[in-house]
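So this note's numbering is basically just the index in the sequence shown, starting at one, shifted up by 1164. Just so you know, even glycine gets a beta-carbon here, dropped at the ideal spot from N, CA and C. All remarks here apply to the structure that follows.
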Amino acid sequence: MVNSASFVKRLEKILEYYQLTATAFAEEIDFNRSTISHLLSGRNKPSLEFVIKLLEKFPEVEMNWLLFGKGNFPATSEIKPVTPASNQKSNSSAGKALNLFSEESKEGKKRNTENNQSSKEVAKIVIFYKDGSFNIYEN
């Protein structure tokens, strides 16, 4: 079970890292402001939908860190932090850099597929069930 007080601290750390207000954060992940307010106050626990939207929008957030405090934030990986969408609109060079990175990544995947040689290993598999529950399998 998610510890509400610890979860609130981690959520506040995310807001601070991205320099977002609760309102701006709600807009970024397309969630109600009142829901974010209730989460920050500790009144409610996060829903699966909230967690999924947050993880999709902010890839530097690891699910185990967000829910249980295990792991690191920001996640240590080759992917650099992405500026939230509202800030990208005004920065065309950042958009070009992201597109370039994306194209390079696609080309690299194509080469790996063509050669049948992939050095990637599966780190985590998450299975979501229709009843809202999920299982996490880690390597």
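Query: Backbone CA spacing between F1318 and F1214 [nearest angstrom]; Result: A question about residue 1318 goes unanswered here, because the residues of the chain that appear run from 1165 up to 1303.
Query: Top-ranked residue by Cα proximity to L1219, from V1172, S1198, I1178; Result: I1178
Query: The beta strand (DSSP E) enclosing N1299, as first and last residue numbers; Result: 1298 to 1302
Query: Buried versus exposed, by CB contacts within 10 Å (16 or more), I1200; Result: buried
Query: Distance, N1299 Cα to P1245 Cα; Result: In this prediction, P1245 has a pLDDT of 47, which is less than 50 and means its spatial position is unreliable; what the coordinates show is noted afterwards. Going from the Cα of P1245 to the Cα of N1299 covers about 27 Å.
Query: DSSP bridge partner residues for F1237 (one or two, in chain order); Result: Looking at the DSSP assignment, F1237 forms no beta bridge with any residue, so it has no partner.
Query: Collapsed DSSP secondary structure at K1173 in the structure displayed; Result: helix
Query: Inter-residue CB distance, P1210 and V1166 (contact presumed, cutoff 8 Å); Result: 7 Å
Query: Alpha-carbon spacing of K1234 relative to N1228, whole angstroms; Result: 5 Å
Query: Whether L1175 touches L1212 by CB criterion (9 Å); Result: no
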